[in-house]
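J.:
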Amino acid sequence: MHLSILLPAVVNGVLTGALYALIALGLTLVYGVLHIINFAHGALLTAALFAAFFMHKTLGVDPYLAVLVLTPAFFVFGYGLQRFVIGPASHGNDGNILLVTLGLAVIIENALLFAFRGDTRTIDVAYGFSVVAVGGMFISVPRLIGFGGAIVVALLLWLLLGWTDTGKAIRAAAKEKLGAQLCGVDVAHIYAVTFGLGTACVAIAACLLIPTYYVNPHVGNAFVLIAFTTVVLGGMGSIPGALLGGLFVGVVESLCGLYLGESLGQIGIFLMFILVLLFRPSGLLGERA
Amino acid sequence: MPSNDNSVTRRKLLQTTAFTAAAAASGVLAAPSVLRAQGGGVKIGFLQPVSGALAYSGQQGRLGASIAVDEINAAGGIKEVGKIEPVLGDAQSTPDGGNAEVEKMNSAGVCAIVGGYASGICLATTQTAARYDLPYVVDVGVTDAIVTRGLKNTFRFGPGFGVIAKTALANLIAINEKAGKPAKTAMIVHEDSAFGSGLAKLLNEQLPPQGFEVLETIPHPTPTRDFNNVVLKIKAANPDIVIPANYYNEYVLLARTMQQQRVRPKAAIYSILGGAASSYKFVKEFPEAAQHIMDCNHWFDPRNPMAQALKKKVEAQGQFFTYEVYLNYSATLLLADAIERAKSSDRAKIIEALGNSTFAGHVMPYGPTKFVNGQNQGAAPANTQVIDGDIQVVLPEAFASAKPVYPMPRT
Numbered sequence: 001m002h003l004s005i006l007l008p009a010v011v012n013g014v015l016t017g018a019l020y021a022l023i024a025l026g027l028t029l030v031y032g033v034l035h036i037i038n039f040a041h042g043a044l045l046t047a048a049l050f051a052a053f054f055m056h057k058t059l060g061v062d063p064y065l066a067v068l069v070l071t072p073a074f075f076v077f078g079y080g081l082q083r084f085v086i087g088p089a090s091h092g093n094d095g096n097i098l099l100v101t102l103g104l105a106v107i108i109e110n111a112l113l114f115a116f117r118g119d120t121r122t123i124d125v126a127y128g129f130s131v132v133a134v135g136g137m138f139i140s141v142p143r144l145i146g147f148g149g150a151i152v153v154a155l156l157l158w159l160l161l162g163w164t165d166t167g168k169a170i171r172a173a174a175k176e177k178l179g180a181q182l183c184g185v186d187v188a189h190i191y192a193v194t195f196g197l198g199t200a201c202v203a204i205a206a207c208l209l210i211p212t213y214y215v216n217p218h219v220g221n222a223f224v225l226i227a228f229t230t231v232v233l234g235g236m237g238s239i240p241g242a243l244l245g246g247l248f249v250g251v252v253e254s255l256c257g258l259y260l261g262e263s264l265g266q267i268g269i270f271l272m273f274i275l276v277l278l279f280r281p282s283g284l285l286g287e288r289a
Numbered sequence: 290m291p292s293n294d295n296s297v298t299r300r301k302l303l304q305t306t307a308f309t310a311a312a313a314a315s316g317v318l319a320a321p322s323v324l325r326a327q328g329g330g331v332k333i334g335f336l337q338p339v340s341g342a343l344a345y346s347g348q349q350g351r352l353g354a355s356i357a358v359d360e361i362n363a364a365g366g367i368k369e370v371g372k373i374e375p376v377l378g379d380a381q382s383t384p385d386g387g388n389a390e391v392e393k394m395n396s397a398g399v400c401a402i403v404g405g406y407a408s409g410i411c412l413a414t415t416q417t418a419a420r421y422d423l424p425y426v427v428d429v430g431v432t433d434a435i436v437t438r439g440l441k442n443t444f445r446f447g448p449g450f451g452v453i454a455k456t457a458l459a460n461l462i463a464i465n466e467k468a469g470k471p472a473k474t475a476m477i478v479h480e481d482s483a484f485g486s487g488l489a490k491l492l493n494e495q496l497p498p499q500g501f502e503v504l505e506t507i508p509h510p511t512p513t514r515d516f517n518n519v520v521l522k523i524k525a526a527n528p529d530i531v532i533p534a535n536y537y538n539e540y541v542l543l544a545r546t547m548q549q550q551r552v553r554p555k556a557a558i559y560s561i562l563g564g565a566a567s568s569y570k571f572v573k574e575f576p577e578a579a580q581h582i583m584d585c586n587h588w589f590d591p592r593n594p595m596a597q598a599l600k601k602k603v604e605a606q607g608q609f610f611t612y613e614v615y616l617n618y619s620a621t622l623l624l625a626d627a628i629e630r631a632k633s634s635d636r637a638k639i640i641e642a643l644g645n646s647t648f649a650g651h652v653m654p655y656g657p658t659k660f661v662n663g664q665n666q667g668a669a670p671a672n673t674q675v676i677d678g679d680i681q682v683v684l685p686e687a688f689a690s691a692k693p694v695y696p697m698p699r700t
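Note that the protein sequences, when read in sequence, are chains A and B.
Sequential numbering of the first sequence, starting at 1, is according to my numbering.
Sequential numbering of the second sequence, starting at 290, is according to my numbering.
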């Protein structure tokens with residue numbers, strides 16, 4: 001394969017991978033702290049994409065500005081979801097949480113289908129087709145912004161977890177729930193904050209995604225499997241791991257698509273996934289269990 | 290967890306459960322099953338997938354059928370038989386859902402059914418209807434198996450897959466020859482299920498004998514999130530013609546990525562049953578990406594004043610004038626004509642009347658209506674091209690509203 005295709009394919013994989021990483025960040029955070037697999041993650045992404053779409057369509061708000069509104073809104077939504085629905089309904093049993101999030105996914109998806117029909121929607125922004133030319137490559141500006149956004153969010157999350165009191169409380173609750181409770185950490189609150197952060201990540205991802213993508217009530221499913229793979233690949237609960245995993249998955253998918261064809265491109269991702277599980281079960285950057 | 294937390298938990302759980310149940314119940318209640326209109330006359334079943342994955346197409350189809358019914362009833366109904374009493378059904382985007390509705394419609398005493406939309410649904414519902422000798426007019430369903438199983442009750446007014454593919458190929462060759470054969474190479478981008486793969490196979494067999502070299506055939510799954518690789522391959526191979534065959538979402542992504550990467554084939558983007566190429570929605574939302582794209586698909590007769598009146602009516606309702614609308618509209622009129630000639634709601638008589646129909650009062654660019662084994666021999670697709678923000682018919686010449694722009698100018 002010619003270099004003029006190979007290089008853009010790698011760059012493109014990295015840019016796509018950053019968005020996978022952003023979606024996976026929310027998932028890995030929730031897993032790392034609450035030790036639950038959030039099946040509603042894809043449905044929440046769909047809801048966020050719809051929110052970003054309608055903010056642009058009805059209020060004329062640019063998706064990149066909508067980040068400022070949707071991030072706190074989805075944080076509050078996620079907080080409420082964990083505090084008043086998932087937490088109480090689970091009775092402290094992880095198996096229940098799994099089912100509750102699965103149920104939430106079904107409800108959110110079908111409510112969206114009922115409200116907005118199965119119609120596919122896209123937005124048209126002035127910069128939707130802008131590119132920067134780098135050495136014969138045309139790199140999409142919205143994708144470049146998406147890449148930057150994902151890196152910034154990962155960095156902010158990392159700083160938040162490492163250097164703030166909330167972050168310390170989150171880490172404490174993740175490591176030793178009872179111990180944290182004894183030290184005065186309000187665990188229910190911290191769990192909800194974590195879930196809120198995860199949901200906020202999804203909202204940011206949606207705003208970065210919508211200028212070049214479409215939305216319909218089933219769109220989240222296309223990303224959620226990739227996000228799960230990314231999380232396991234990077235190491236469950238690890239933020240740098242999710243970032244690395246996302247970029248890795250993006251590049252693998254792109255190159256496999258190029259060499260094996262788009263229909264077989266997904267094989268590469270899951271092949272990597274199996275290899276990592278075999279030889280490094282804790283993931284690339286995960287802590288040993 | 291402390292015990293005093295538990296009571297709160299239980300109450301909250303009940304709230305959650307109640308909310309869930311309410312949401313589920315409202316979903317069920319809202320799903321329209323069989324709704325019956327009031328008034329006498331003749332009952333006709335209208336069966337579309339108005340919920341599920343095909344909901345948009347089903348809703349558009351129902352719109353077309355209901356406009357036809359309203360027009361007939363406003364003019365006093367079907368002569369000597371009376372007003373149409375529509376019995377609406379939702380196939381829920383599955384063959385099973387469609388079958389259940391056929392059963393319900395049969396017990397509701399309909400004299401015929403129009404609809405089905407998807408090939409898979411039509412295959413099942415026509416067969417179920419055949420058990421009751423219930424006349425069935427297929428609105429879209431392009432799979433040829435629908436009309437080759439010897440079902441006496443089944444009629445398809447529109448063209449099947451075989452005719453569409455054959456016409457698409459013949460028209461491509463004709464357009465290319467007329468312009469002095471500027472195109473010699475082609476690349477096929479298709480979705481990897483039966484529809485796209487079948488088409489790709491056919492093209493790979495039939496293009497080379499006509500002097501076209503197929504440089505590469507690229508399958509992709511539905512959904513595909515990213516078309517950059519595909520477009521990079523197109524860029525590297527630099528074909529004269531790109532032939533996409535996929536559904537709406539992927540079509541839009543492909544066209545947008547091609548525009549972004551500044552990839553324009555030398556002669557044409559020529560789609561066959563293209564998901565978006567002859568969609569007013571796509572043209573309105575992405576006029577630049579859509580410019581000069583050609584498609585061979587279902588289309589209305591732009592020279593027919595009835596079609597233009599229907600288009601205005603649909604657009605006045607804030608809806609796009611899609612092929613589901615005018616195919617269902619025409620199929621309903623075809624059936625009404627047959628009932629009028631049968632002079633009764635007797636199923637056997639309607640089947641006989643459909644079988645020898647020469648109906649001409651429709652909005653499609655078809656030849657004379659003549660049914661052989663349930664397939665309208667006059668049915669044919671049209672070639673369209675997006676020219677300056679509008680969709681024009683460029684072939685067949687008898688119905689054309691513009692001349693093809695070929696090879697398309699490079700901008």
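For every residue, glycine included, the Cβ atom is placed at its ideal position computed from N, Cα and C.
Would you mind sorting His2(A) into buried or exposed? The rule is 16 or more other CB atoms within 10 Å of its CB.
T.: For the purposes of this step, residue 2(A) is taken as the residue at position 2 of the first sequence. It is exposed - the Cβ of His2(A) has fewer than 16 other Cβ atoms within 10 Å.
J.: Go through the stretch 336-396 of chain B residue by residue and report every complete run of the beta strand (DSSP E) that reaches 3 residues or more, in order.
T.: Those beta strand (DSSP E) runs which fall completely within the stretch 336-396 of chain B and span 3+ residues are 373-379.
J.: Any idea what DSSP makes of Cys585(B), helix, strand or coil?
T.: Within the second sequence, residue 585(B) is the residue found at index 296, counting from 1. Strand, per DSSP.
J.: Which same chain residues, not among the five before or five after Thr611(B), have their C-beta less than 7 Å away from its C-beta?
T.: Taking the first residue of the second sequence as position 1, residue 611(B) is located at position 322. Hits under 7 Å: Gln349 and Ser568.
J.: Going by C-alpha to C-alpha distance, which of Ala133(A), Lys57(A), Ile36(A) and Val76(A) sits closest to Gly95(A)?
T.: Against the first sequence, residue 95(A) aligns to sequence position 95. Checked all of Ala133(A), Lys57(A), Ile36(A) and Val76(A); the closest Cα to Gly95(A) is Ile36(A).
J.: What residue range does the alpha helix (DSSP H) around Val520(B) cover?
T.: On the second sequence, position 231 is the one that residue 520(B) refers to. Asn517 to Ala526 is the extent of the alpha helix (DSSP H) around Val520(B).
J.: Given a limit of 8 Å on CB to CB distance, which residues of the stretch 482-515 of chain B reach chain A?
T.: From the stretch 482-515 of chain B, only Ile507, Pro508, His509, Pro510, Pro512, Thr513, Arg514 and Asp515 have a Cβ closer than 8 Å to chain A.
J.: Kindly list the residues whose CB is nearer than 7 Å to the CB of Gly366(B), restricted to its own chain and excluding five residues on each side of it in sequence; keep chain order.
T.: Your numbering for residue 366(B) matches position 77 in the second sequence. Here the set comprises Gly330, Lys372 and Ile373.
J.: Which residues of chain A have a Cβ atom closer than 7 Å to the Cβ of Tyr537(B), listed in chain order?
T.: Taking the first residue of the second sequence as 1, we reach residue 537(B) at position 248. Those within 7 Å of Tyr537(B) in chain A are Thr120.
J.: Spatial neighbours of Arg121(A) within its chain, please: C-beta separation below 6 Å, excluding the five flanking residues on both sides.
T.: For this step, residue 121(A) is matched to residue 121 along the first sequence. Counting only Cβ-Cβ distances below 6 Å, and skipping sequence neighbours, we find Phe53 and Val215.
J.: Sort Ala687(B), Met653(B), Leu504(B) and Pro471(B) by Cα distance to Asp590(B) and report the nearest one.
T.: Within the second sequence, residue 590(B) is the residue found at index 301, counting from 1. Taking only the C-alpha atoms, the option nearest Asp590(B) is Met653(B).
J.: Can you tell me which of Leu104(A), Ser140(A), Gly261(A) and Ile226(A) puts its alpha carbon nearest to the alpha carbon of Leu27(A)?
T.: Working through the first sequence from its first residue, we reach residue 27(A) at position 27. Taking only the C-alpha atoms, the option nearest Leu27(A) is Ile226(A).
J.: Is the distance from the Cβ of Val87(A) to the Cβ of Gly237(A) below 9 Å?
T.: The count along the first sequence starts at 1 and reaches residue 87(A) at position 87. The count along the first sequence starts at 1 and reaches residue 237(A) at position 237. Note on residue identity: the sequence assigns Gly, not Val, to residue 87(A). Their beta carbons are not under 9 Å apart, which means Gly87(A) does not touch Gly237(A) by this criterion.
J.: Evaluate contact between the stretch 437-450 of chain B and the stretch 227-247 of chain A, counting only Cβ atoms and requiring at least three cross-stretch pairs below 8 Å.
T.: No: fewer than three Cβ pairs fall under 8 Å.
J.: Check distances from the C-beta atoms of the stretch 414-435 of chain B to those of chain A and list, in chain order, the residues that come in under 7 Å.
T.: The stretch 414-435 of chain B vs chain A, Cβ under 7 Å: nothing.
J.: Does the ligand ADP have a heavy atom nearer than 8 Å to the CB of Leu22(A)?
T.: Looking for the ligand ADP in the displayed structure turns up nothing, as the structure carries no ligands at all.
J.: Quick check on the DSSP output: the beta strand (DSSP E) that includes Asp119(A) runs from which residue to which?
T.: Numbered from its first residue, the first sequence carries residue 119(A) at position 119. Note, Asp119(A): premise wrong, no beta strand (DSSP E); not H, not E.
J.: Going by Cα to Cα distance, which pick from Gln549(B), Lys441(B) and Arg438(B) is closest to Ser140(A)?
T.: In the first sequence, residue 140(A) corresponds to position 140, counting from 1. Checking every option, the nearest Cα to that of Ser140(A) belongs to Gln549(B).
J.: Is the beta carbon of Leu45(A) closer than 9 Å to that of Ala150(A)?
T.: Residue numbering aside, residue 150(A) sits at position 150 when the first sequence is read from its first letter. Residue numbering aside, residue 45(A) sits at position 45 when the first sequence is read from its first letter. Against a cut-off of 9 Å, the Cβ pair of Leu45(A) and Ala150(A) comes out as no contact.
J.: Out of Thr212(A), Gly148(A), Leu155(A) and Leu144(A), which one is the CA nearest neighbour of Arg514(B)?
T.: Here residue 514(B) is taken as the residue at index 225 of the second sequence, counted from 1. Selected option, being the one with the closest Cα: Thr212(A).
J.: Name the DSSP beta bridge partners of Gly404(B), please?
T.: As a working note, residue 404(B) is residue 115 in the second sequence. In DSSP, Gly404(B) forms a bridge with Leu336(B) and Val427(B).
J.: If we require 4 or more residues per run, which alpha helix (DSSP H) segments fall completely within the stretch 57-142 of chain A?
T.: Listed in chain order, they are 63-80, 87-90 and 94-116.
J.: Have a look at Gly341(B) and Cys411(B) and give me their C-alpha separation to the nearest angstrom.
T.: Taking the first residue of the second sequence as position 1, residue 341(B) is located at position 52. Taking the first residue of the second sequence as position 1, residue 411(B) is located at position 122. Gly341(B) and Cys411(B): Cα-Cα distance of roughly 16 Å.
J.: Taking Lys692(B) as the reference, which of Asp626(B), Ala463(B) and Ser346(B) has the closest Cα?
T.: Residue 692(B) sits at position 403 when you count from the first residue of the second sequence. Answer by Cα proximity: Ala463(B).
J.: Rounded to whole angstroms, what's the CA-CA distance from Met595(B) to Lys602(B)? Just pull it up for me.
T.: For this step, residue 595(B) is matched to residue 306 along the second sequence. For this step, residue 602(B) is matched to residue 313 along the second sequence. The straight-line gap from Cα to Cα measures roughly 11 Å.
J.: Relative to the C-alpha of Thr71(A), which candidate in Gly198(A), Cys256(A) and Tyr259(A) has its C-alpha closest?
T.: Sequence index remark: in the first sequence, residue 71(A) carries index 71 (1-based). Among Gly198(A), Cys256(A) and Tyr259(A), the Cα nearest to that of Thr71(A) is on Gly198(A).
J.: So is Ser340(B) in contact with chain A if we call contact Cβ pairs under 9 Å?
T.: Start at 1 with the first residue of the second sequence, and residue 340(B) comes out as number 51. Closer than 9 Å: yes.
J.: Would you mind working out which of Thr621(B), Arg592(B) and Thr474(B) sits nearest Ile532(B), comparing C-alpha positions?
T.: In the second sequence, counting from the first residue as 1, residue 532(B) sits at position 243. If we check each option's Cα against that of Ile532(B), Thr474(B) comes out closest.
J.: Can you look up Tyr214(A) in the DSSP assignment and give me helix, strand or coil?
T.: In the first sequence, the residue the question calls residue 214(A) occupies position 214. Tyr214(A): strand per DSSP, three-state reduction.
J.: Is the stretch 578-587 of chain B in contact with the stretch 622-631 of chain B, if contact means three or more CB pairs nearer than 8 Å?
T.: Flag = no, the stretch 578-587 of chain B and the stretch 622-631 of chain B do not touch.
J.: Can you name, in chain order, every residue of its own chain whose Cβ lies under 6 Å from the Cβ of Gln181(A), other than the five neighbours on each side?
T.: Reading the first sequence from its first residue, position 181 is the one you call residue 181(A). Only Val187 meet the Cβ criterion.
J.: Using 9 Å as the threshold, is the C-beta distance between Tyr64(A) and Leu208(A) below it?
T.: As a working note, residue 64(A) is residue 64 in the first sequence. As a working note, residue 208(A) is residue 208 in the first sequence. In contact: Tyr64(A) and Leu208(A) (Cβ atoms closer than 9 Å).
J.: Do Gly13(A) and Leu247(A) have their CB atoms nearer than 9 Å?
T.: What you label residue 13(A) is simply residue 13 of the first sequence in a count that begins at 1. What you label residue 247(A) is simply residue 247 of the first sequence in a count that begins at 1. The answer is yes: Cβ separation under 9 Å.
J.: From what residue to what residue does the beta strand (DSSP E) around Thr474(B) run?
T.: As a working note, residue 474(B) is residue 185 in the second sequence. Thr474(B) -> beta strand (DSSP E) spans Thr474 to Glu480.
J.: With a threshold of 9 Å between beta carbons, is Phe575(B) in contact with chain A?
T.: Numbered from its first residue, the second sequence carries residue 575(B) at position 286. Output row for Phe575(B): interface = yes.
J.: Taking the alpha carbon of Pro512(B) as the reference point, which residue from Ala489(B), Lys522(B), Tyr540(B) and Gly500(B) has its own alpha carbon closest?
T.: As a first step, residue 512(B) is located in the second sequence; it is residue number 223 there, counting from the start. Per the Cα distances, Tyr540(B).
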